[in-house]
Amino acid sequence: MRALETNAALAKRSSSGQIPGVSLTSKTTDYVFIDRQDGLKALIRDLKKVDEVPIDTEADNLHHYHTRVCLIQLRAGDNDYLVDPLSNLDLQPIWDGLRDKTLIMHGSDFDLRLLWELAEFRPAFVFDTMLAAQLVGAQRIGLSSLLDDYLDVHHPKDSQKSDWSRRPLPDKMLHYAVGDVAHLPLLKKMIEDQLRELGRLEWHRQKCDWQVEVAQTGFPRQDEYAWRIGPHNRLAPRAQATLFELWHWRESEARRMDRPPFKVMSNDYLIRLSNAVADGTIQAVFDALPKGLRRGRSKGLKEALERGAERDPKSLPRRPRNRNGRQPLNAAELQRQDGLKHCRDKAAEGLKIDPTLIATRLQLARLARNPADASEVLLPWQVGILEPSLEVFLRESAAPEAAS
0 MRALETNAAL
10 AKRSSSGQIP
20 GVSLTSKTTD
30 YVFIDRQDGL
40 KALIRDLKKV
50 DEVPIDTEAD
60 NLHHYHTRVC
70 LIQLRAGDND
80 YLVDPLSNLD
90 LQPIWDGLRD
100 KTLIMHGSDF
110 DLRLLWELAE
120 FRPAFVFDTM
130 LAAQLVGAQR
140 IGLSSLLDDY
150 LDVHHPKDSQ
160 KSDWSRRPLP
170 DKMLHYAVGD
180 VAHLPLLKKM
190 IEDQLRELGR
200 LEWHRQKCDW
210 QVEVAQTGFP
220 RQDEYAWRIG
230 PHNRLAPRAQ
240 ATLFELWHWR
250 ESEARRMDRP
260 PFKVMSNDYL
270 IRLSNAVADG
280 TIQAVFDALP
290 KGLRRGRSKG
300 LKEALERGAE
310 RDPKSLPRRP
320 RNRNGRQPLN
330 AAELQRQDGL
340 KHCRDKAAEG
350 LKIDPTLIAT
360 RLQLARLARN
370 PADASEVLLP
380 WQVGILEPSL
390 EVFLRESAAP
400 EAAS
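Counted from 1, the sequence shown has number 347 at position 348 by numbering that gives the first Met the number 0; the numbering is strictly sequential.
Structure below.
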């Protein structure tokens with residue numbers, strides 16, 4: 000296979016007009032901000048003219064307890080639109096206009112789950128530029144890095160973690176939001192060319208289709224075991240009981256304050272407090288807290304520490320072992336897992352991609368138990384790569400049955 004053009008060479012060829020239908024220069028200062036229903040008309044009209052739509056979202060999960068979609072960025076043709084979903088718009092015309100389009104996204108998993116929970120929206124097709132970058136072996140896969148490497152475009156990340164629920168949004172944040180979609184068409188074109196030359200377009204399509212499918216499960220919900228954070232299983236029983244109480248106190252505080260739990264108290268600090276209670280006295284632990292914690296939330300926090308010191312560790316909810324009904328891998332299965340891992344790693348080295356793109360550790364374990372499950376565990380292109388090893392293991396597992 001001949002060497003691919005460097006990203007810089009591709010960008011140079013694009014700017015000279017040799018990639019038809021795509022312009023290297025994209026204005027990120029011109030956009031239409033929509034916070035009124037009649038403002039959707041121009042967007043819907045433009046959506047009817049295109050087959051591909053770059054799209055991104057901004058959420059407030061770093062600043063509030065419940066995650067909300069705070070901004071939707073779209074590019075239709077040469078026009079950039081910023082839609083404000085907090086302004087009580089009826090967004091159904093947008094979903095109807097997007098349903099049969101190819102959505103160009105970067106790191107689509109979070110956004111697809113957001114859109115599913117917001118409106119049960121499922122796109123027909125997605126082209127994920129981050130997945131594409133992984134499959135061509137890019138060393139840096141963040142959007143800002145790819146724009147820099149492929150297009151020599153500087154896209155600052157300083158607004159990435161801002162509070163997108165604030166209104167009005169400052170110009171700096173709006174320009175950042177436009178930049179998330181303005182260059183996606185050209186970036187998509189360039190990485191798509193690389194995928195095609197490497198013969199991996201079908202791999203990418205399968206990965207994107209799978210991403211759309213799993214997004215319909217939404218975000219994972221907390222269960223009664225959610226308190227088991229960090230190295231919980233290595234804590235002393237008394238520390239585990241304290242961690243249980245502190246975790247629930249933090250959740251209650253986060254809901255009351257409408258803040259993400261980590262902004263109330265970090266996981267690391269919860270663990271440290273839990274260990275301190277197990278090693279010392281409640282009052283000593285409480286007196287050692289930062290003044291801000293003692294002054295602002297002292298009563299509830301001290302009560303949580305006291306409950307943790309008194310709770311019977313045996314009363315804590317525990318995940319049942321092997322709750323899926325499976326036993327740990329036996330010696331033969333562990334050997335099979337090692338063989339599959341060797342095959343995967345060798346293939347990944349030759350393809351110059353991350354081995355986990357072919358199969359994760361959990362997928363390898365399931366295949367080690369039953370190689371016949373390959374079509375349920377892996378995508379077709381992944382099965383094709385591991386097929387030589389899978390066939391050997393299938394023959395080995397069939398041999399004892401034939402002998403009996």
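Glycine included, every Cβ here is placed at the ideal spot set by N, Cα and C.
Nearest to residue i (by Cα), restricted to the options the options
i: Gln-334; options: Gln-210, Asp-192, Phe-392; result: Phe-392
i: Phe-261; options: Phe-243, Ala-371, Leu-46, His-62; result: His-62
i: Lys-405; options: Ala-364, Pro-370, Phe-243; result: Past the boundaries of the shown model lies residue 405; the chain is included only from 0 to 403, so the question cannot be answered.
i: Tyr-175; options: Phe-124, Pro-184, Trp-163; result: Trp-163
i: Pro-169; options: Leu-361, Ile-352, Phe-32; result: Phe-32
i: Arg-237; options: Arg-165, Arg-310, Gly-136, Met-189; result: Arg-310
i: Gly-178; options: Asn-232, Asp-55, Gln-193; result: Asp-55
i: Asp-222; options: Ser-265, His-203, Asn-369, Arg-318; result: Arg-318
i: Gln-72; options: Ala-137, Leu-183, Arg-139, Ser-265; result: Leu-183
i: Trp-115; options: Pro-354, Ile-357, Arg-98, Phe-126; result: Arg-98
i: Pro-379; options: Leu-356, Trp-226, Pro-259, Asn-369; result: Leu-356
i: Lys-340; options: Ala-330, Arg-360, Gln-326; result: Arg-360
i: Ala-123; options: Gly-198, Met-172, Glu-196, Gln-210; result: Gln-210
i: Pro-167; options: Leu-70, Asn-266, Leu-363; result: Leu-70
i: Arg-121; options: Cys-207, Glu-332, Ala-283, Tyr-268; result: Cys-207
i: Tyr-268; options: Asp-257, Met-256, Thr-241; result: Thr-241
i: Pro-219; options: Thr-66, Val-284, Pro-387, Leu-328; result: Thr-66
i: Leu-350; options: Leu-194, Met-189, Asn-266; result: Leu-194
i: Ala-118; options: Ala-358, Gln-91, Tyr-224; result: Gln-91
i: Leu-328; options: Asp-95, Ser-161, Lys-345, Arg-365; result: Arg-365
i: Glu-201; options: Gly-217, Asp-147, Thr-216, Val-125; result: Val-125
i: Asn-60; options: Lys-160, Lys-345, Asn-369; result: Lys-160
i: Tyr-96; options: Asp-77, Ala-41, Ala-58; result: The amino acid occupying residue 96 in the given sequence is Gly; Tyr does not appear at that position. Checked all of Asp-77, Ala-41, Ala-58; the closest Cα to Gly-96 is Ala-41.
i: Met-189; options: Met-129, Gly-217, His-231, Glu-212; result: Met-129
i: Gly-136; options: Ala-347, Gln-205, Ser-374, His-154; result: Ala-347
i: Arg-165; options: Lys-290, Gln-326, Ala-58, Asp-286; result: Ala-58
i: Asn-266; options: Ala-277, Lys-290, His-231; result: His-231
i: Arg-204; options: Gln-326, Glu-191, Thr-216; result: Glu-191
7 Å Cβ cutoff met for residue i and residue j
i: Leu-385; j: Cys-342; result: yes
i: Ile-103; j: Pro-53; result: yes
i: Ile-270; j: Gly-307; result: no
i: Tyr-30; j: Asp-83; result: no
i: Leu-145; j: Ala-131; result: no
i: Arg-74; j: Val-180; result: yes
i: Trp-248; j: Gly-299; result: yes
i: Ser-86; j: Asp-37; result: no
i: Ala-371; j: Gln-336; result: no
i: Val-68; j: Leu-39; result: no
i: Ile-281; j: Glu-305; result: yes
i: Leu-363; j: Ala-303; result: no
i: Gly-338; j: Ser-374; result: no
i: Asp-257; j: Tyr-64; result: yes
Inter-residue CB distance, residue i and residue j (contact presumed, cutoff 8 Å)
i: Leu-134; j: Ile-352; result: 6 Å
i: Tyr-149; j: Leu-186; result: 6 Å
i: Leu-315; j: Gln-381; result: The pair is not a contact, with the Cβ atoms about 39 Å apart (cut-off 8 Å).
i: Ser-297; j: Leu-234; result: Going by Cβ atoms, the distance from Ser-297 to Leu-234 rounds to 24 Å, so no, they are not a contact pair.
i: Ala-253; j: Val-263; result: 5 Å
i: Ala-214; j: Asp-108; result: 7 Å
i: His-105; j: Asp-127; result: 7 Å
i: Asp-50; j: Lys-100; result: 6 Å
i: Lys-48; j: Gly-76; result: 6 Å
i: Leu-173; j: Leu-81; result: 6 Å
Cross-strand partners of residue i (DSSP beta bridge)
i: Asp-55; result: Gln-72
i: Ile-384; result: Beta-bridge pairing links Ile-384 to no other residue.
i: Tyr-80; result: Val-31, Leu-73
heavy atom of the ligand FAD below 6 Å from residue i C-beta
i: Thr-216; result: Questions concerning the ligand FAD fall outside what the structure shown contains, since it holds no ligand whatsoever.
Ignoring anything shorter than 4 residues or poking outside the segment 90 to 126, list the alpha helix (DSSP H) runs there in chain order. 91 to 97, 107 to 118
What runs of the alpha helix (DSSP H), each 4 residues or longer, lie entirely inside the segment 323 to 371? You should have 330 to 350, 360 to 368.
Can you list, in chain order, the stretches of the beta strand (DSSP E) that have 3 or more residues and sit fully within the segment 121 to 169? 124 to 127
Suppose only complete runs of 4+ residues qualify. What are the alpha helix (DSSP H) ranges in the segment 229 to 279, listed by chain order? Those alpha helix (DSSP H) runs which fall completely within the segment 229 to 279 and span 4+ residues are 236 to 256, 260 to 263, 266 to 278.
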